[in-house]
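In numbering that gives the first Met the number 0, the protein residues as written are 0 to 518.
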Amino acid sequence: MLATDLYQYVLEMLSANHESCERISLFQKPSKQFIIGSLADSSKDYAVGEGIGENKVQAKSALRHNSMGIIFLLEKSKLESISIKTSCSVFYRVFPTYEEQLSYIDEVKDVQSVKKDPGFKEVYVRKNCTFDSCEFGLDKDSDIETVDFSGYKTEILSEDELFRSNKIISDELQVKKIRNGFDPEWISTEDAYNDIIVELKKNPSKKTLNWQGEIILEKENYSTDLVLITLWFRNITGKGSFEKFFFNCKLEVELHSNKLIPFEYKYNYEDNSYTKDGNLRTINCHADYNLGLNTIITKPYALFEQKKKVPRTSINGIVPKFVFLKDSIDILKQLLTELKNQYSKYTNHETYKNKDHDHHNQFVNESANFKSLVERYEAGILLLDSNSNAKKAFFLMNRVFEKAVKGEYDRWRLFQIIFIVMLIPDIIDVKKNRKIADIIHVNTGGGKSEAYFGLVIFLLFWDRLRGKSRGVSGFTKFPLRMLSIQQLQRIAKVIVIAEEIRKNEDIEGYPFSAGLLMS
Numbered sequence: 000m001l002a003t004d005l006y007q008y009v010l011e012m013l014s015a016n017h018e019s020c021e022r023i024s025l026f027q028k029p030s031k032q033f034i035i036g037s038l039a040d041s042s043k044d045y046a047v048g049e050g051i052g053e054n055k056v057q058a059k060s061a062l063r064h065n066s067m068g069i070i071f072l073l074e075k076s077k078l079e080s081i082s083i084k085t086s087c088s089v090f091y092r093v094f095p096t097y098e099e100q101l102s103y104i105d106e107v108k109d110v111q112s113v114k115k116d117p118g119f120k121e122v123y124v125r126k127n128c129t130f131d132s133c134e135f136g137l138d139k140d141s142d143i144e145t146v147d148f149s150g151y152k153t154e155i156l157s158e159d160e161l162f163r164s165n166k167i168i169s170d171e172l173q174v175k176k177i178r179n180g181f182d183p184e185w186i187s188t189e190d191a192y193n194d195i196i197v198e199l200k201k202n203p204s205k206k207t208l209n210w211q212g213e214i215i216l217e218k219e220n221y222s223t224d225l226v227l228i229t230l231w232f233r234n235i236t237g238k239g240s241f242e243k244f245f246f247n248c249k250l251e252v253e254l255h256s257n258k259l260i261p262f263e264y265k266y267n268y269e270d271n272s273y274t275k276d277g278n279l280r281t282i283n284c285h286a287d288y289n290l291g292l293n294t295i296i297t298k299p300y301a302l303f304e305q306k307k308k309v310p311r312t313s314i315n316g317i318v319p320k321f322v323f324l325k326d327s328i329d330i331l332k333q334l335l336t337e338l339k340n341q342y343s344k345y346t347n348h349e350t351y352k353n354k355d356h357d358h359h360n361q362f363v364n365e366s367a368n369f370k371s372l373v374e375r376y377e378a379g380i381l382l383l384d385s386n387s388n389a390k391k392a393f394f395l396m397n398r399v400f401e402k403a404v405k406g407e408y409d410r411w412r413l414f415q416i417i418f419i420v421m422l423i424p425d426i427i428d429v430k431k432n433r434k435i436a437d438i439i440h441v442n443t444g445g446g447k448s449e450a451y452f453g454l455v456i457f458l459l460f461w462d463r464l465r466g467k468s469r470g471v472s473g474f475t476k477f478p479l480r481m482l483s484i485q486q487l488q489r490i491a492k493v494i495v496i497a498e499e500i501r502k503n504e505d506i507e508g509y510p511f512s513a514g515l516l517m518s
């Protein structure tokens, strides 16, 4: 899917994990470009405070941190060693190719302050580093293991393309008052450029590339039976003129025979008490726990996919289709019977009857609210049965929607038709419930607009049938202008069809129309 590919691409580009980031040309250091999953050097430590575990995070607000952590609970009686495997990426600067440098010179040729002393294009290469697994015993309250970059450092320093300077050439540039290490004359031909690069490569690099990291394990008592384990991966790199950040940082923890116990969270929502479990707590990262393998693996970001919740369109075989409702209200009566049966189930529920139940009062109140809605819905049906103009307006409304959405769907969602019918008495009696505003609370895309449009179309026909030949019947206000255009298009479509049906039915009055006021 396009959406999946798009967000994966964005996340990979922000975390330097995309294949195109293996060699990158930037106007700034990679640490300024890649902000997800990176650890800053020790000079940018915003995360270390007093104490251990969760107390180590201060209330400072900062985008970059030099450490990431995982916190979890283990059974105290079964503690054994755990294994931790670390991986990350580092970037080091290399000489640009002739094409890269030529493109850069072309970009800055119109910048007077740069074109005479442009310097080399900054090009970086990513080095993926995976380190040997470390064993941590849980018999001590804290333990530290060093992350050894020496092997990768040796590899990089031996790279022929590693960016470096040459004193002889630097002195010549000083005479020309060129301070940024690149003479624009070098790019005159590809051979001239490559010859200079060969000269620059004759001297070994003086870069220290002294990346330093550490893994820290901390243990503290959480309860009589549980211990709180905190694992840190920290960038402790000191000063240097190289890119000191770690990227794509990752911890893989094997718990072996240790038993992880979830954290338990208790909270109240709308006067109800809930309990929710969570296996892990994380700092500056996210992590997944695999129960089968008994492992924890961190990742730079979490992904939550909200499945679209579609409100019900039927209940016990009762389907409010437009084709049924354009000339009969029998479906409405069947639905009323079902609602009354549901109310009876509520009032016979043990929570409703047991006054000592923790949720008795709320259950009774919610049941009373439901009863009120059922009564209002029944009043709407009774009015449609007794008022011929209201019934005709209702039938015409369903004809409009049958035609407007043909090929997309053929029925109302239950909340829509109930909402429309229960408000019909309030529309017919202009003095009724004027101080009450009914609000539909449904997820985005659930059909709130169509429920409102249905009422508007009913009202348009009702107004004409009762003798109102022109004037405003309804209005809506949307806070977002782009949404306003979309909603105008949707309501305009049904109004055009409603006007076509009005003319075919020879209903007197001015044509139906829709307007948009931008303010």
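C-beta atoms are modelled at their ideal positions from N, C-alpha and C, and glycine is treated no differently.
Between which two residues does the alpha helix (DSSP H) holding residue i run?
i      : result
Thr3   : Leu1 to Leu13
Glu189 : Glu189 to Leu199
Phe511 : First-last for Phe511: undefined, no H or E at that position.
Arg398 : Ser387 to Ala403
Glu171 : Lys166 to Val174
Phe33  : Phe33 -> no alpha helix (DSSP H), and no H or E assigned at all.
Phe414 : Leu413 to Ile427
The beta strand (DSSP E) that contains residue i, what's its start and end?
i      : result
Asp287 : His285 to Asn289
Asn267 : Phe262 to Tyr268
Met67  : Ser66 to Glu74
Phe232 : Leu225 to Asn234
Ile23  : Arg22 to Leu25
Glu154 : Glu154 -> not in any beta strand (DSSP E); alpha helix (DSSP H) instead, spanning Ser149 to Leu156.
Phe135 : Cys133 to Phe135
Per DSSP, residue i is paired with what?
i      : result
Asp142 : Leu216
Gly277 : Phe262
Val93  : Val122 and Leu161
Cys248 : None; Cys248 has no bridge partner.
Asn127 : Ser88
Ser19  : Note: Ser19 sits in no beta bridge, so no partner.
Ile282 : Gly68
Ile83  : Cys133 and Val252
Ser472 : For Ser472, which the question treats as bridged, DSSP gives no partner whatsoever.
Asn271 : Tyr268
If you check the beta carbons only, do residue i and residue j fall under 8 angstroms apart?
i      : j      : result
Leu73  : Ile196 : no
Leu464 : Asn388 : yes
Pro95  : Ile104 : no
Leu292 : Ile69  : no
Tyr91  : Phe246 : no
Thr350 : His359 : yes
His348 : Phe362 : yes
Tyr123 : Leu216 : no
Asn234 : Leu38  : yes
Lys75  : Leu225 : yes
Val93  : Lys126 : no
Ile423 : Phe394 : no
Val420 : Ile380 : yes
Glu377 : Leu335 : yes
Ile328 : Leu372 : no
Arg311 : Arg412 : yes
Ala392 : Phe321 : no
Pro299 : Gly36  : yes
Ile81  : Glu144 : no
Glu79  : Ser256 : yes
Thr129 : Leu250 : no
Asp140 : Glu219 : yes
Met67  : Phe232 : yes
Ser448 : Gln488 : no
Thr569 : Glu253 : There is no way to answer for residue 569, as the model of the chain reaches only from 0 to 518.
Gly444 : Lys307 : yes
Phe414 : Val441 : yes
Leu208 : Ile168 : no
Inter-stretch contact at 8 angstroms, needing at least 3 Cβ pairs: the segment 443-461 / the segment 387-403: These segments touch.
Complete alpha helix (DSSP H) runs within the segment 430-458 (minimum length 4 residues, chain order): none
Segments of 4+ residues assigned as alpha helix (DSSP H) that fall wholly inside the segment 289-370: Taking only runs of at least 4 residues, the alpha helix (DSSP H) segments lying wholly in the segment 289-370 are 321-324, 329-346 and 349-352.
Segment contact flag, the segment 504-515 with the segment 459-475, C-beta cutoff 8 angstroms, min 3 pairs: yes
At least 3 beta-carbon pairs within less than 8 angstroms: the segment 140-160 vs the segment 180-194: Contact fails: fewer than three Cβ-Cβ distances are below 8 angstroms.
The segment 275-289 contacting the segment 245-263, beta-carbon criterion three pairs below 8 angstroms: yes
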